[in-house]
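Residue numbers (the working numbering), protein chains in the order written: chain A, 1 to 219; chain E, 1 to 222; chain R, 1 to 255.
Take a look at the structure below.
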């Protein structure tokens, strides 16, 4: 059986793995989005205690490598009798990490809003929630789309790390094809790489289109 | 839940940390040189060079680091090239780092004021001299903040090479955990060690950055 | 009862005492113009009126309600005080029409149709009906400032505060904004204006307040201020400004 046919036969398996990878990736990015927004708001609008907690959280989850976090949440918690599947552990660990990274993106965008406009609508009589909703958020969204797209691409790639704690995602399927069906390592892994490339490129392309639609003169 | 801490752990973990430093330093330096070349090629090169350069960059920035490591460690042998763990690890980290550094360099090369280049060309300098005397010195200063960022990222990503059995911090941690079953404590400590290193490094780099600043030379979009 | 009463306002930023006991009153329909050297707290004073800046001590009363009372709903007060800023501060991502009607719609909770009619009416008043669907970045400075006046008017305020409304404008655009302000003053709107535009102050103000060193050095109707300034400092300041403006006050002729 030549290498090409091994690859073609293995494709369904790789794609099955891709689905799991995407489920993970999109899942923890979404988690990170919600949590990251909260953290960013806390850092800008919160009192001293909230700000310290938020920046502490961000420092820790950005400073510790993803791999270590995965091990702590999966093997570490298992030792403490908190058992969960590798998939769930990945979701939680990577979700928290994603929140820390996304927080920085959101914070940067929120802080670059020209404060004169916020003061102006404050003078109209808008309360804090209204100011955030009608001025800060819409403008932050536009400012953060570019850096967020970069973050998104990086995190989708990071989903591959979950291979290390046993999740049956695309990398593991690739390994199986190589070891069990004698696939050529170079060919298989380059294919996996190209699949990832396709996914991130498509994602970035979609985000760029969205950014273009949101564009407003002056922003 | 009884947690244990054993001072003897710090021995192997410390050794691992040193290897991590070693890896990171080699990769970031080699990546620096290679990245600069890639960036210069991408901006000033002729069509085939630009194409090669951007293909390289697209591949190494668009694919996961783990896959790159596997391609080098598992893939190369299947086409006849056998490299040791350490070399494979350094190679993978270098190639990846070069791609990201090339982007920073490209941004800052483009940010150099074109008028200055025109000025030295009218003095009679060749394009290569202009690049060497005007572009590169400014570029090098402009990329410092991004480069510091890259150094820290590389430090964290070096943890991935534990998988190909490079005896750095993560690997030592895993070894220790396999024998003592103390996953939680050990990886917490490993995490703390990475965190401490990152924090200290950030501070040191911030101070360094302030010292080499030149008024008027800012990183525009670097 | 007077419309606005400002009583003994004091404010310090760090060690700098910017306002050191400022008091004045105004009746409905008055136009007060505040002049003075830069950095003497004119903007700060204005911002103390709608509490964008909290004074260290002193009180502000609007139509009998104490603005500075912590128990007062400040957003409610602010919706009846309009403010026009030096840098226009229009919301960048909103079209002109949305900028003007967002106040009535979201703060006063007027329904969309009525808010739109109101906004269009005010935009017509400032002469910008043809720009309702443009974005702020597509307008000239003078046009943006007129939109921001329309935005303030759409709230149907009791009082409008102007913080150096023409200082950021190119010279040829200043006139159109001053014309709108003059029109407002003559139709009975109450204005407090911080400006360097002496011509405007002379023709439109009911009273000019000269603020220097954190206190009101002098306060009188324009004719009196320009012909018989009581203080040397006032005289010097007026000469400097008049000279810049090309506008000669009679006081300077007499030196």
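For glycine and all other residues, C-beta sits at the position ideal for the given N, C-alpha and C.
Predicted, not measured: the structure shown is a model, and the values here were computed from it.
Between the segment 36-43 of chain A and the segment 126-142 of chain E, the count of Cβ pairs shorter than 8 Å is below three; the stretches do not touch. DSSP places residue 114(E) in the uninterrupted alpha helix (DSSP H) bounded by 114-122. Residue environment analysis places residue 45(A) among the exposed positions, since fewer than 16 neighbouring C-beta atoms fall within 10 angstroms of its C-beta. Around the Cβ of residue 130(R), a 10 Å sphere holds fewer than 16 other Cβ atoms; the residue is exposed. Within chain A, the C-beta atoms nearer than 7 Å to that of residue 107(R) come from 124, 125 and 126, in chain order. Under DSSP, residue 141(E) shares a beta bridge with no residue. Identification of chain R residues near residue 134(A) by a Cβ-Cβ cut-off of 9 Å yields 91, 94, 102 and 106, ordered along the chain. The C-beta of residue 179(E) has fewer than 16 other C-beta atoms within 10 Å across all chains shown, which makes the residue exposed.
In this chain, residue 17(A) is not harboured by any beta strand (DSSP E); it is covered by the alpha helix (DSSP H) spanning 3-45. Under the 8 Å criterion on CB atoms, residue 12(E) is classed as non-interfacial with respect to chain A. Residue pairing by DSSP puts residue 20(R) in a beta bridge opposite 10(R).
Contact between residue 174(E) and residue 85(E) does not hold, since the beta-carbon distance rounds to 14 Å and is not under 8 Å. When DSSP states are grouped into helix, strand and coil, residue 210(R) belongs to the strand group. Per DSSP, reduced to three states, the secondary structure at residue 69(R) is coil, with no helix or strand assignment. Going by DSSP, residue 191(A) is part of the alpha helix (DSSP H) stretching over 185-214. Using a CB distance below 7 Å, the part of the segment 171-189 of chain A facing chain E consists of 171, 184, 185, 186 and 189, ordered along the chain.
Pairing residue 116(R) with residue 101(R) gives a Cβ-Cβ distance under 8 Å. For the pair residue 57(E) and residue 99(E), the CB atoms are nearer than the 8 Å cut-off.
Rounded to the nearest angstrom, the gap between the Cα atoms of residue 70(R) and residue 5(R) is 17 Å. Of the other Cβ atoms in all chains shown, 16 or more fall within 10 Å of the Cβ of residue 140(A); this residue is therefore buried. Beta-bridge annotation (DSSP): residue 141(R) is not paired with any residue.
With a contact defined as Cβ atoms closer than 8 Å, residue 72(A) and residue 157(E) miss out at about 17 Å.
Within chain A, 116 and 120 have C-beta atoms less than 7 Å from the C-beta of residue 85(R), given in sequence order. In this structure the segment 79-99 of chain A lies against the segment 15-31 of chain A, because at least three pairs of beta carbons, one per stretch, are closer than 8 Å. By DSSP's assignment, residue 32(R) forms a beta bridge with 192(R) and 207(R). Residue range 171-186 is occupied by the alpha helix (DSSP H) that includes residue 181(R). The three-state reading of DSSP puts residue 25(R) in strand, counting E and B together. With contacts defined as CB atoms closer than 8 Å, residue 136(R) and residue 166(R) fail to qualify as a contacting pair. At least 8 Å separates the beta-carbon of residue 28(R) from that of residue 211(R).
With respect to the 8 Å criterion, residue 125(A) and residue 75(R) are classified as neighbours on the basis of their beta carbons. Counting C-beta pairs with one atom in each stretch, the segment 227-238 of chain R and the segment 50-59 of chain R have fewer than three that are closer than 8 Å, which means they do not touch.
C-alpha of residue 9(R) to C-alpha of residue 36(R): approximately 17 Å in a straight line.
Interface residue (Cβ-Cβ distance to chain E less than 8 Å): residue 65(A) is classified as such. Around the beta carbon of residue 116(A), a 10 Å sphere encloses fewer than 16 other beta carbons of the protein chains shown; the residue is thus reported as exposed. If one requires a minimum length of 4 residues, the alpha helix (DSSP H) runs lying completely within the segment 53-93 of chain E are 65-70, in chain order.
Between residue 110(R) and residue 179(R), the alpha-carbon positions lie close to 29 Å from each other.
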